[in-house]
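In our numbering, the protein residues as written are 697 to 998.
Cβ atoms here follow ideal geometry from the backbone N, Cα and C, with glycine treated the same way.
One structure below.
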């Protein structure tokens, strides 16, 4: 699914569309206590915690307690995938405007087969009230984003309850330093710079999975909530790996780019709390394995 691939960028873009689409309504009763995976790396006086995030959550999920809250409270700095600033928000909005629509001589129908084009038109009309003339102007990544956002809103998922947003708010209140492993613009480029064939495959995959949307949502949530690395690989990473170009750009290449900064944090003599999408941490191409390959001991403490 689309939201599983783009991680925190989905959350960043989500807020822009929330203004147009309204608020998420989620059931706050029947609190669900979950235990997502948390790792620890020590080197000298330095300690780095690695938390696998789920970027949007139901409001009734309770995960910030026990060892996660204790570890976060010890940390002097919160490191996220990307730190949003007003300037970055404006830059992202500009990138969306420049890259979301085809030029007049091109259109979405040129990149989808008839079956998926018809599916796209149906979802554009049913979910967004969009006519064909408007829908065909949108590039595949942008159409997939809009369809996913509307579907997620109706499922009760909430970016305000997501791990990243929650920790960022806590860090600001406690005057912790907040940093990013990449810029929001870099996150955005990892999505929008793909060839049309790759974007079209992403849109087709999103359309194909809409009929069983809640099943995919629940599988992702249950895997994350369990803290079981093998289960996360099966549900999150293997799904991404079905599209090799997207998998490399959105996960493997970013992990490799982040690794030097993570190593500097480990060797920096301070206590750092790093939160990235759970799929970035697990599996053979995950950050945990990359660190272990470089000689670090990485302990799973939850």
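Where residue 852 falls: helix, strand or coil (DSSP): Residue 852 falls in the coil class under three-state DSSP.
With a floor of 4 residues, list each alpha helix (DSSP H) that falls wholly inside the stretch 824 to 873, ordered by position along the chain. Runs found: 828 to 831, 836 to 851, 859 to 869.
When you compare only the Cα positions, how much space is there between residue 878 and residue 860? 15 angstroms
Pick from 827, 882, 829, 769: whose alpha carbon is nearest that of residue 780? 882
With contact counted as at least three CB pairs below 8 angstroms, one residue from each stretch, are the stretch 968 to 979 and the stretch 762 to 772 in contact? yes
Can you grab the Cα-Cα spacing for the pair residue 741 / residue 853, in whole Å? Residue 741 and residue 853 have their C-alpha atoms roughly 39 angstroms apart.
Determine, using beta-carbon pairs with one atom in the stretch 892 to 907 and one in the stretch 840 to 853, whether at least three such pairs fall under 8 angstroms. Judged by Cβ distances under 8 angstroms, the stretch 892 to 907 makes contact with the stretch 840 to 853, as three or more pairs qualify.
Going by DSSP, what residues sit across from residue 728 in a beta bridge? Answer is 757.
In terms of residue numbering, what span does the alpha helix (DSSP H) encompassing residue 986 cover? 983 to 989
How many angstroms separate the CA atom of residue 983 from the CA atom of residue 976? 6 angstroms
Residues near residue 988 by beta carbon distance below 8 angstroms, same chain, minus five either side: Counting only Cβ-Cβ distances below 8 angstroms, and skipping sequence neighbours, we find 994.
Nearest-angstrom Cβ-Cβ length linking residue 929 and residue 978, presumed shorter than 8 angstroms: Approximately 5 angstroms separates the beta-carbon atoms of residue 929 and residue 978; this is inside 8 angstroms, confirming the contact.
Answer with buried or exposed for residue 836, where buried requires no fewer than 16 other C-beta atoms within 10 angstroms of its C-beta. buried
Helix, strand or coil at residue 902 [DSSP, three-state]: helix
Distance, Cα to Cα, residue 791 vs residue 884? 8 angstroms
I need the straight-line Cα distance from residue 946 to residue 773, nearest angstrom please. Whole-angstrom Cα-Cα distance: 25 angstroms.
Measure the alpha-carbon distance for residue 758 versus residue 937 and round it to whole angstroms. 30 angstroms
Nearest residue (CA-CA) to residue 874, options 775, 833, 743, 732: 775
Kindly indicate which three-state DSSP category residue 938 falls into: helix, strand or coil? coil
Reducing DSSP to helix, strand and coil, say where residue 974 ends up. helix
For residue 851, collect the residues of the same chain with a Cβ closer than 8 angstroms to its Cβ; drop the 5 residues on either side in sequence, then sort them by chain order. If we look at residue 851 and ignore the five residues flanking it on each side, its Cβ neighbours are 909, 910, 913.
DSSP state of residue 997 mapped onto helix, strand, coil: coil
Buried or exposed: where does residue 996 fall if 16 or more other Cβ atoms within 10 Å of its Cβ makes it buried? exposed
When DSSP builds the beta bridges, which residues end up paired with residue 820? None; residue 820 has no bridge partner.
Mind checking who residue 968 pairs with in its DSSP beta bridge? DSSP, once it has assigned bridges, lists 744, 773 as partnering residue 968.
For residue 999, which residues does DSSP report across the bridge? There is simply no residue 999 to check, as the chain begins at 697 and stops at 998 in what is shown.
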